[in-house]
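Position 224, counted from 1, in the sequence shown is what the numbering used here calls 224; the numbers after and before it change by one each time, with no gaps.
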Amino acid sequence: MKIEQINQCYLAYNLEHDMHIREYYMYCISLLRDRLANYSGSINVVLGPYAVVFPNQNKVVRIDLQVEHTLVKAGGRSVEEIIHGTVEYGDNQQYLIRIPNYEYYNSLDYVIEYSAPNVYNMGTNSFFDQYCKKVLHIYPMLYDQNCSVLDERSNVSCLFTKGNIRRDAIVERMQKSNLDIKNITNCFESQELQSVYNKTKILVNIHQTEHHDTFEELRVLPALLNGVIVVSEDVPLKDKILYSDLVIWASYQDLPSKVLEVSNNYEYYHNMIFGKKKLEEYSSQMIKSNYKNINSIV
Numbered sequence: 001m002k003i004e005q006i007n008q009c010y011l012a013y014n015l016e017h018d019m020h021i022r023e024y025y026m027y028c029i030s031l032l033r034d035r036l037a038n039y040s041g042s043i044n045v046v047l048g049p050y051a052v053v054f055p056n057q058n059k060v061v062r063i064d065l066q067v068e069h070t071l072v073k074a075g076g077r078s079v080e081e082i083i084h085g086t087v088e089y090g091d092n093q094q095y096l097i098r099i100p101n102y103e104y105y106n107s108l109d110y111v112i113e114y115s116a117p118n119v120y121n122m123g124t125n126s127f128f129d130q131y132c133k134k135v136l137h138i139y140p141m142l143y144d145q146n147c148s149v150l151d152e153r154s155n156v157s158c159l160f161t162k163g164n165i166r167r168d169a170i171v172e173r174m175q176k177s178n179l180d181i182k183n184i185t186n187c188f189e190s191q192e193l194q195s196v197y198n199k200t201k202i203l204v205n206i207h208q209t210e211h212h213d214t215f216e217e218l219r220v221l222p223a224l225l226n227g228v229i230v231v232s233e234d235v236p237l238k239d240k241i242l243y244s245d246l247v248i249w250a251s252y253q254d255l256p257s258k259v260l261e262v263s264n265n266y267e268y269y270h271n272m273i274f275g276k277k278k279l280e281e282y283s284s285q286m287i288k289s290n291y292k293n294i295n296s297i298v
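Here is the structure:
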């Protein structure tokens, strides 16, 4: 556990935090550090489920990241953990609100959410009115923007662990279409991920199950920031994703044909997504939103 003094404040965090989300965790630390550096008062902040003894009597603010899928459908793995209410979106399907370990998150002063659709979904049920007031939406802006067409880009990649039947089935179909697709596993560190992105033309994003529908922004937005075209399985609440028009959407069954189409017309799609400075405009908005939300802690 690291306890860092910033002016009259202290920030406590764990450099060995869960490797699957560590880069996002450290990005949130950087935002908190900037906030405290510009704060004239005194306060202690803990990011994560850690018991910390501070060398002062400052007020302690407890914050953690909620990174699970909360936008789900009934019948899936772990979907029944905690559910409050249902809501129907444009695809005429009933969606549920799932917050694992809800009592813990509700005990915190603030909860950081990476997904705007998650936040919107929770807000559809009055049960979460008080909880939503402590939710801070922070986009995973993990990289500076680099959208050039690099000569070494050649791969079509998937970033997930092998052994998921639903994902493996699509990968197999794409391989039969003679796509040079690589399943990248156990890759979580920032520099290692960026090396993968710099070699990748297209990232294919596929949900874990047919019941978990939160858009995987922790995977997708960093890829876009590195100039990777993203072809993603469709999601509900796309209108709540600021940069949804920069993602190529397809149904689960149509993913192989859509990826092949994008691969065969790579320069056209790359220019369509990255050639009009839309991502630059969205990035500016997302960075401002992140600072606005993180500044609300004190």
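C-beta: ideal position from N, C-alpha, C; glycine also. Nothing here was measured: the structure is a model prediction, and the numbers come from that model.
query = Is the CB-CB distance between V143 and S190 below 9 Å?
reply = Note that residue 143 corresponds to Tyr in the displayed sequence, not to Val. The Cβ atoms of Y143 and S190 sit closer than 9 Å to each other.
ask   = Taking Cβ to Cβ, would you say K182 is nearer than 9 Å to N155?
value = Closer than 9 Å, so yes.
key: First and last residue of the uninterrupted beta strand (DSSP E) at H207   = For H207, there is no enclosing beta strand (DSSP E), as DSSP marks it with neither H nor E.
ask   = To the nearest angstrom, how far is it from the Cα of Y39 to the Cα of C9?
value = Note on geometry: alpha-carbon atoms of Y39 and C9 lie some 8 Å from one another.
ask   = Does the beta-carbon of Y27 have 16 or more other beta-carbons within 10 angstroms, so that it is buried, or is it exposed?
value = Counting the other CB atoms within 10 Å of its CB gives Y27 a total of 16 or more, which places it among the buried residues.
query = Looking at the unbroken alpha helix (DSSP H) that takes in S195, where does it start and where does it end?
reply = Its alpha helix (DSSP H) spans residues S190 to N198.
Pairwise C-alpha distance: V111 and L255 = Straight across, the Cα-Cα distance linking L255 with V111 is about 34 Å.
ask   = Just curious, the beta strand (DSSP E) that L15 is in, first and last residue?
value = Run containing L15: none; DSSP gives neither H nor E here.
inquiry  = Do V220 and K201 have their beta-carbon atoms positioned less than 9 Å apart in this structure?
reply    = With contacts defined by Cβ atoms closer than 9 Å, K201 and V220 do not form a contacting pair.
N- and C-terminal bounds of the beta strand (DSSP E) containing D64 = In this chain, the beta strand (DSSP E) harbouring D64 covers V60 to Q66.
query = On the three-state DSSP scale, how would you describe V147?
reply = Looking at the sequence shown, residue 147 is not Val but Cys. It is coil, neither helix nor strand.
query = Roughly how many angstroms separate the alpha carbons of D168 and N56, rounded to a whole number?
reply = Using only the alpha carbons, I get a separation of about 52 Å.
task = With DSSP collapsed to three states, give me the class of K276.
result = Three-state DSSP puts K276 in coil, outside helix and strand.
task = Specify, as a first and last residue, the run of the beta strand (DSSP E) that A250 falls within.
result = Counting along the chain, the beta strand (DSSP E) containing A250 begins and ends at I248 to A250.
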